[in-house]
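J.: Counted the way our numbering counts, the sequence shown spans residues 1205 to 1625. In this text, a Cβ means the ideal position worked out from N, Cα and C, and glycines have one as well. Quantities reported herein were computed from a predicted structural model and do not represent experimental measurements.
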Amino acid sequence: MAGPAHKPVSPLGGVKAFSCPSCAGQVELRAPGQTLAASCRHCGSVIDLADENLKILQQARKKMDKKLVIPIGKRGELFGTEWEVIGFMVRKVVDYQYYWEEYLLFNPWQGFRWLINNYGHWTFGTPLMEYPDYKAANRTARFEGNKYNMFSRGGAQVRYVLGEFYWKVKNGDTVQTADLVSPPHMLSYEIDDHGSSWSHGLYLEPKVVQKAFDVEQMPPRRRIGANQPNRAKENWKVVRRVWIWLLLALVGMQIYFVTSAANQVVLKESIEFDEINKKSYVSSPFNLEGDLTNVEVDFRAPSLGNSWVYLDGYLHDRINNKNYGFTKEWEYYYGREGGETWSEGSRKAYRILNNVPAGEYELVLEAQTGKPKETVDIVVRRDVSIFSNFWAILIAISIMPLWYWFKSYSFEKIRWEEADI
1205 MAGPAHKPVS
1215 PLGGVKAFSC
1225 PSCAGQVELR
1235 APGQTLAASC
1245 RHCGSVIDLA
1255 DENLKILQQA
1265 RKKMDKKLVI
1275 PIGKRGELFG
1285 TEWEVIGFMV
1295 RKVVDYQYYW
1305 EEYLLFNPWQ
1315 GFRWLINNYG
1325 HWTFGTPLME
1335 YPDYKAANRT
1345 ARFEGNKYNM
1355 FSRGGAQVRY
1365 VLGEFYWKVK
1375 NGDTVQTADL
1385 VSPPHMLSYE
1395 IDDHGSSWSH
1405 GLYLEPKVVQ
1415 KAFDVEQMPP
1425 RRRIGANQPN
1435 RAKENWKVVR
1445 RVWIWLLLAL
1455 VGMQIYFVTS
1465 AANQVVLKES
1475 IEFDEINKKS
1485 YVSSPFNLEG
1495 DLTNVEVDFR
1505 APSLGNSWVY
1515 LDGYLHDRIN
1525 NKNYGFTKEW
1535 EYYYGREGGE
1545 TWSEGSRKAY
1555 RILNNVPAGE
1565 YELVLEAQTG
1575 KPKETVDIVV
1585 RRDVSIFSNF
1595 WAILIAISIM
1605 PLWYWFKSYS
1615 FEKIRWEEAD
1625 I
């Protein structure tokens, strides 16, 4: 945001119009007595309003035919104040083809403000009388309780001027700048041979500017603005709080289920499956107490190696003659290759049956293996603590927070890829 922080007064006082000393076209002033330079809309010459003879600061270099998003003289209301556009300039980064537009706003009681259009991203700028706490070495600043981080710095050059300004501006003027952001806020620092100034910027949604100045069509936004609010980040902060409470409740419930589970061993046997004799296995009878319960059947084949086991089995209710079936297959392979050992799979496996009623049961199994014989140790437990529901619910409640976090991260990544520090 261009210009010094103070508000100089022009010696021309209340003069509202005069003839351009270059082309004799009429130059209208919209802030008489408050501005020091004006650009002739007819020929483009920049005129010194502080000189009684209206000295030309810069001769016309090209016809003033640029189309403005908000025309000079247009009025609009922002933050409860009516502002009039009295000046317009285009500036660019020195040594780079990166341009942006700056509109100078004026209100007789509020003074001057800036409206910056940076590739469709709009910022309302206010000159500061109280400077922020700027730490150049750390590339940070603090102002009104907010911490700002350096986003860009370098040289900014005036490439086009139209209207009037409160300092003697002309094409080619160059200042050193630094922009620090704390979205939606921005601090801008400028320094040249005449002094330095700070200004505070607040991001405005394009529709706000469009409505305020009754603009028919706004330029499209490109990528992410330096101080554009990260809506996904704001949503993530809200969703995160809810997610934390849900997570605490879920963990509390899981702790309760784990500590209250009986984990009672009701059967423990070791059997040998003979692939040659194709013999089925029927366990000793065991009882399941209480109401509906889950049953975990653990399998361990201690000698399993470079082979597999497939079990087809069921819990048989001896009183009601009902079966609760299941299948289970597991494998374990190992070897040595290139001087290093490797293994794949496991010698252990388990299966959980839910909603099994109380009663007297026996375990019936038929097996197939990759070897003629295989020994399997079997342990049956009732009312065991399980974590499958815990993980399923955790994934379900984490989808939305993770989505907002990813969107927020991607937004900031794109934003800081545009930084020039």
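Do you know offhand how far Arg1295's Cα is from Ile1599's?
T.: When rounded, the distance between both Cα atoms is 50 Å.
J.: Could you have a look at Ser1403 and say whether DSSP puts it in helix, strand or coil?
T.: Ser1403: strand per DSSP, three-state reduction.
J.: Where does the unbroken beta strand (DSSP E) through Leu1508 begin, and where does it stop?
T.: Premise fails: Leu1508 is in no beta strand (DSSP E) and is neither H nor E.
J.: Within the continuous beta strand (DSSP E) that includes Tyr1565, where are the two ends?
T.: Element bounds for Tyr1565: Gly1563 to Thr1573.
J.: Taking just the CA atoms, how far does Leu1454 sit from Leu1272?
T.: Each residue's alpha carbon lies about 57 Å from the other.
J.: Throw me the rounded Cβ distance for the Asn1491 and Val1470 pair, which I believe falls under 8 Å.
T.: Yes, they are in contact, since the Cβ atoms of Asn1491 and Val1470 sit about 7 Å apart, within 8 Å.
J.: Kindly indicate which three-state DSSP category Lys1372 falls into: helix, strand or coil?
T.: Of the three classes helix, strand and coil, the one that applies to Lys1372 here is coil, per DSSP.
J.: Is it true that the CB of Ser1511 sits closer than 8 Å to the CB of Lys1575?
T.: Yes, the pair counts as a contact, with Cβ atoms nearer than the cut-off.
J.: Does the contact criterion of 3 or more C-beta pairs under 8 Å hold for the stretch 1445-1454 versus the stretch 1355-1370?
T.: Contact between the stretch 1445-1454 and the stretch 1355-1370 is absent, because fewer than three Cβ pairs lie under 8 Å.
J.: Classify Pro1215 as buried or exposed, calling it buried when 16 or more other Cβ atoms lie within 10 Å of its own Cβ.
T.: Reliability of the predicted coordinates at Pro1215 is poor, the pLDDT of 46 falling under 50, and no value is obtained from them.
J.: In the DSSP assignment, the beta strand (DSSP E) including Lys1532 goes from what residue to what residue?
T.: From DSSP, the beta strand (DSSP E) with Lys1532 extends over Lys1526 to Glu1541.
J.: Mind checking who Lys1351 pairs with in its DSSP beta bridge?
T.: According to DSSP, which records beta bridges pairwise, Lys1351 is partnered with Arg1346.
J.: Since Tyr1528 and Gly1549 are thought to touch, with beta carbons under 8 Å apart, how far apart are those beta carbons, to the nearest angstrom?
T.: Actually they are not in contact, since the Cβ atoms of Tyr1528 and Gly1549 sit about 27 Å apart, beyond 8 Å.
J.: Around the Cβ of Trp1595, are there at least 16 other Cβ atoms within 10 angstroms (buried) or fewer (exposed)?
T.: Label assigned to Trp1595: exposed.
J.: Distance, Cα to Cα, His1633 vs Glu1281?
T.: Since the first residue shown for the chain is 1205 and the last is 1625, residue 1633 is missing from the structure and cannot be characterised.
J.: CB Val1443 to CB Pro1605, shorter than 8 Å?
T.: A contact, by the Cβ cut-off of 8 Å.
J.: Rounded to whole angstroms, what is the Cα-Cα separation between Lys1351 and Val1412?
T.: Distance between the alpha carbons of Lys1351 and Val1412 is about 26 Å.
J.: Comparing alpha-carbon positions, which option in His1404, Glu1394, Ser1356 and Asp1299 lies nearest Glu1348?
T.: Out of His1404, Glu1394, Ser1356 and Asp1299, His1404 has the C-alpha closest to the C-alpha of Glu1348.
J.: Would you check if there are 3 or more beta carbon pairs closer than 8 Å linking the stretch 1513-1520 to the stretch 1560-1574?
T.: Yes: the two stretches touch, three or more of their Cβ pairs being nearer than 8 Å.
J.: My output table needs one value for Lys1617: the three-state DSSP class, helix, strand or coil.
T.: In the structure shown, Lys1617 sits in a helix (DSSP, three-state: H, G or I).
J.: When the Cα atoms are used, what is the spatial distance from Glu1409 to Lys1441?
T.: Glu1409 and Lys1441: Cα-Cα distance of roughly 21 Å.
J.: Hey, out of Ile1428, Pro1275 and Asp1396, whose CA is closest to Tyr1613's CA?
T.: Comparing Cα positions, the closest option is Ile1428.
J.: Is the beta carbon of Ile1290 sitting closer than 8 Å to the one on Phe1417?
T.: No, the pair does not count as a contact, with Cβ atoms beyond the cut-off.
J.: Buried or exposed, going by whether 16 or more other CB atoms sit within 10 Å of the CB of Ala1505?
T.: Buried.
J.: Going by alpha carbons, who is nearest to Ser1401 out of Trp1371, Ser1386 and Arg1426?
T.: Checking every option, the nearest Cα to that of Ser1401 belongs to Trp1371.
J.: If Gly1494 and Ala1436 are in contact, beta carbons under 8 Å, what's the gap, nearest whole angstrom?
T.: With 8 Å as the limit, Gly1494 and Ala1436 do not qualify as a contact, their Cβ atoms being about 49 Å apart.
J.: Starting from Arg1628, trace the beta strand (DSSP E) both ways and give me its first and last residue.
T.: Because residue 1628 is not part of the residues shown, which for the chain are 1205 to 1625, the question remains open.
J.: Between the Cα of Phe1283 and the Cα atoms of Glu1306, Cys1247 and Thr1330, which residue gives the shortest distance?
T.: That would be Thr1330, whose Cα lies nearest to the Cα of Phe1283.
J.: Does the stretch 1372-1391 come within contact of the stretch 1334-1347, defined as at least 3 CB pairs closer than 8 Å?
T.: Verdict: yes, contact present.
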